[in-house]
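Here the sequence shown is numbered in the numbering used here, starting from 9 and rising by one per residue. C-beta atoms are modelled at their ideal positions from N, C-alpha and C, and glycine is treated no differently. Remember, it's a predicted structure, so these values are computed and weren't measured experimentally.
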Amino acid sequence: MPSSLPALRDLQQLQKVSGVGGEVNVVVEAENAASPAVVAWMTDYQSRVLRRLKYNPQRGCRGSDLCPAFSLPDLFTTPASVSSQERVDALLDAVPPYLTQNVIAPDRKTATLAFGLRLMSLDRQFAVLRVMQSELNPPAGVRARLAGLPVLTAAANDRLASPLRRWLALLASLFVVGLVLLLSFRSWRRALIPLVPIALATGWSALIVFVTRIPLNPLSVVLGTLVVAIATEFSVLLSERYRREREDGLVPAAALRATYKSTGAAVMASGTTAIAGFAVLVLSEIRMLRDFGLVTVIDLGVALVGVLLVLPAVLMLAEPDAMRRRVARFRRKPLPGNSLS
């Protein structure tokens, strides 16, 4: 986000004063969430998590990624107050409802353990939440889970940023495109010709983004499918125009020149216009939009160049005469061990 946004300045000021940029809750559910055993477990869990994340009471929330917030265990200041169920019930009955309603439900079957979370990157936030999750080991009959907007945001970012998920999405996109082309053309050859530059462009764009270390975000992480879609459009238009030129009687070289002189020029103009439009986002003050624009320019550029450069070679190699010559050369080639000495 741009640093000039009033909302961001207010959030930074709030964190500067309080040391907290968000809140994570541990929701505890049990038949009796106010039993001494459950309260003792919540207290122990809080201590373990804060110790692992190096919380320093002297520095408070300003010096730690995670800090304690008002929770059910804070109502019990001495060990004697949780020594029996009667003492626990008596204390909860004596505390005003406007205090207890934030930490335990009226039926006392659900309680919350709250933590303050500093404003940080999603990757670092997910690492903190992973520590909290690893320490969750409630006693029998008790269920505990992390809740809150930071939990949902960090989990979604982790799923989107997963390399395995991205590659599976790209492979699924290529498979769907190949299947649609096969069903449309009813020909393996016509379906495979445009698919080759599509697959190469997809791999090249992913490699360039990896090498340049451009950070991915929820907007840019799904751009691999955009590369597949754009490359499919360009590749199908050019390959089908080439096929029409060949059916009209032109030899391969002449058909290729005619294809790129007409349809190729239109594809180049369309791709260049799209790239220029997304390139404007690179000038944005919002980092998410800036990274999205940069990744989009790379992806569209690779898709355009890949189709324009690779498709002619694929078309020439797929010519029936060229394929027959390659088969003939393969058949004439002697097998290893069969040559006469």
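Residue i - DSSP class collapsed to helix/strand/coil
i, result
"Pro76", "strand"
"Phe242", "helix"
"Leu323", "helix"
"Arg298", "helix"
"Leu125", "strand"
"Val259", "coil"
"Glu143", "coil"
"Glu31", "strand"
"Ile222", "coil"
"Ser213", "helix"
"Gln133", "helix"
"Arg334", "Caution is warranted here: a pLDDT of 48 is assigned to Arg334, below 50, making its placement in the model unreliable, and no coordinate value can be reported."
"Ala237", "helix"
"Gln54", "helix"
"Lys269", "helix"
"Tyr250", "helix"
"Leu61", "coil"
"Ala284", "helix"
"Ala41", "coil"
"Ser292", "coil"
"Arg67", "coil"
"Arg194", "coil"
"Ser181", "helix"
Integer Cβ distance of residue i from residue j, believed to fall under 8 Å
i, j, result
"Ala122", "Glu31", "6 Å"
"Ala152", "Leu144", "5 Å"
"Pro352", "Val318", "With the chain running from 9 to 349 in the structure shown, residue 352 is simply not present."
"Ala311", "Ser213", "7 Å"
"Leu100", "Ala42", "6 Å"
"Arg116", "Asn40", "6 Å"
"Ala266", "Val315", "In fact, because the Cβ distance is near 17 Å, the residues do not count as touching under 8 Å."
"Gly211", "Ala38", "With 8 Å as the limit, Gly211 and Ala38 do not qualify as a contact, their Cβ atoms being about 52 Å apart."
"Leu190", "Trp196", "7 Å"
"Leu137", "Ala162", "5 Å"
"Gln54", "Pro81", "6 Å"
"Phe84", "Asn110", "The Cβ separation is near 15 Å, so there is no contact."
"Val36", "Ala119", "5 Å"
"Val185", "Leu203", "7 Å"
Residue-level contact to chain B via CB, residue i, 9 Å cutoff
i, result
"Ser192", "Any reference to chain B falls outside this structure, which holds one protein chain only."
Residue i - partner residues in DSSP beta bridges
i, result
"Val36", "Ala119 and Ala152"
Sequence-distant residues of the same chain with beta carbon closer than 8 Å to residue i, five excluded per side
i, result
"Pro260", "Arg254, Leu323, Met324 and Glu327"
"Ala48", "Val90"
"Val290", "Arg298, Gly301, Leu302 and Val305"
"Arg60", "Val139 and Glu143"
"Leu157", "Gly30"
"Val250", "The sequence given here has Tyr at residue 250, not Val. The answer, listed in chain order, is Ala263, Leu264, Thr267 and Leu323."
"Ala207", "Leu182"
"Ile112", "Ala41, Ala42, Leu80, Leu100, Thr118, Ala119 and Thr120"
"Arg56", "Glu143"
"Val96", "Ala42, Ser43, Pro44, Val47, Phe84, Ser89 and Val90"
Same chain only: Cβ atoms within 6 Å of residue i, ignoring 5 sequence neighbours per side
i, result
"Thr233", "Ser181"
"Ser72", "Tyr63"
"Phe286", "Gly301, Thr304 and Val305"
"Ser292", "Arg298"
"Phe242", "Val275 and Val315"
Own chain partners of residue i with C-beta closer than 7 Å, once the 5 adjacent residues on each side are dropped
i, result
"Val217", "Val303 and Ile306"
"Leu245", "Thr271 and Val275"
"Gly309", "Ile283"
"Val103", "Leu83"
"Glu94", "none"
"Ala209", "Val235, Ala239, Val310, Ala311, Gly314 and Val315"
"Leu258", "Ala266"
"Ile201", "Ser247, Val322, Leu323 and Ala326"
Output the residue ranges of the alpha helix (DSSP H) runs that lie fully inside the region 83-119 and measure 4 residues or longer, sorted by chain position.
-> 93-102 and 105-108
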